[in-house]
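Sequential numbering from 0 applies to the sequence shown in numbering that gives the first Met the number 0.
Okay, structure first, notes after.
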Amino acid sequence: MDVSQALRQRRSVRAFTPQVPGAALVQQLMEDAALAASGGNMQPWRVAALAGAPLQALLAEVARTPAQEDAALLSYPPDLWEPYRTRRFANGEDLYRTLGIPREDKPARLRQLAKNAELFGAPVGVFVFIDARMGYPQWMDVGIYLQSFMLRAVEEGLATCAQGFWRRYSPLVQQHLGMPQDYRLACGLALGYEDVSAPINTLRTSREPFAEWGGLQGFE
């Protein structure tokens, strides 16, 4: 598989089989992703992967703990503006339509939303931290790490779902994993083998055309 194939196959998977990827494979993904570019080669990430009893203990603790409501920890800015508001709304409607959940069925939508805290049933949770003293350039570096990890996962036949949701549990996850006090959770990531029978995994998201966001100048 080449990089362009992995880019086209990667998507957010929200239902997994119970099969647990081996520790050696997960470590290889983590190490390969660390080849990602970072400014000054600072490599500002720390990464932990959990499976089995340690993961279940964390998920149980999360289930007992209210999420932080700090706006800075939310996945999206408050009062989202156009065109991002429309894109996000369309994505949500497509997801719930795939599940057959109408807009007026708020309890069903909330139940689906709550699956974030269960890693959508993934057998592995990957948690990526960044030193809280770092700035926007280093957050970009962490994003490059995440993309590298997800593409390598595709190459190995694995599925992922990156979840900004987990930032709302940053102190809890940080303490549970024994991360240094200066670190904050940047992202959680569900990892495992896709449940191809799950309706939600039939969802395919669109992308804006090049003319909406790109430009070329000075080329012949």
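Yeah, the Cβ is synthetic: ideal placement off N, Cα and C, and Gly gets one too.
Note that this is a predicted model, so its numbers are computed, not measured.
Based on the DSSP output, what are the partners of residue i in its beta bridges?
i    : result
Q187 : In the sequence as presented, Gln is not what sits at residue 187; that position holds Gly. Note: G187 sits in a beta bridge opposite F126 and Q162.
A23  : According to DSSP, which records beta bridges pairwise, A23 is partnered with nothing at all.
A35  : Paired residues: none, contrary to the question.
F15  : E193
Y83  : DSSP, once it has assigned bridges, lists no residue as partnering Y83.
Y182 : D130
Helix or strand or just coil, what does DSSP make of residue i?
i    : result
V195 : coil
W44  : strand
L94  : helix
L145 : helix
A220 : A question about residue 220 goes unanswered here, because the residues of the chain that appear run from 0 up to 219.
Y270 : A query on residue 270 cannot be resolved here, the shown segment of the chain reaching from 0 to 219 and no further.
D1   : coil
F218 : coil
R10  : coil
R151 : helix
D140 : helix
R63  : coil
A121 : coil
P106 : helix
P170 : helix
T201 : helix
Judging by CA-CA distance, which residue of the options is the nearest neighbour of residue i?
i    : options                  : result
D194 : V19, M0 and L6           : V19
R151 : D69, L28 and V12         : L28
I199 : Q8, A23 and R96          : R96
L34  : Q180, F148 and T201      : F148
D69  : N40, G134, S169 and P208 : S169
A56  : R7, V123 and F88         : V123
E30  : K105, N90 and A47        : A47
G65  : L98, A113, E92 and S74   : For the record, residue 65 in the displayed sequence is Pro; it is not Gly. For the residues L98, A113, E92 and S74, the minimum Cα distance to P65 belongs to A113.
A5   : L190, G156 and S205      : G156
G177 : P53, D78, N40 and R10    : P53
P179 : A131, Q216 and D93       : A131
Y83  : G21, P106 and R206       : R206
Report back the beta-carbon spacing between residue i and residue j to the nearest angstrom; my notes put them in contact at under 8 Å.
i    : j    : result
A161 : L145 : 6 Å
F128 : R183 : 6 Å
E60  : L171 : 6 Å
A14  : F119 : 6 Å
I143 : A36  : 6 Å
T85  : Y192 : Not a contact, Cβ separation roughly 34 Å.
For residue i, collect the residues of the same chain with a Cβ closer than 8 Å to its Cβ; drop the 5 residues on either side in sequence, then sort them by chain order.
i    : result
V141 : P43, W44, V127, I129, A185 and C186
V2   : L150
L72  : R166, R167 and S169
Going along the chain, which residues of its own chain have a beta-carbon closer than 7 Å to the beta-carbon of residue i, five neighbours each way excluded?
i    : result
R108 : Y95 and I100
M133 : P43
A32  : Y144, S147, F148 and R151
Skipping 5 residues on each side, what residues in its chain have a beta carbon closer than 6 Å to that of residue i?
i    : result
Q8   : V153
A158 : V12 and E193
A223 : For the chain, the structure presents residues 0 to 219; residue 223 sits outside this window and is missing.
H175 : L57
Counting only beta-carbon separations shorter than 8 Å, does residue i have a partner in chain D?
i   : result
L73 : In the structure shown, chain D does not exist; there is a single protein chain.
Do residue i and the ligand ADP come close, with the Cβ less than 7 Å from some heavy atom?
i    : result
D104 : Of ligands this structure carries none, so the ligand ADP is not represented either.
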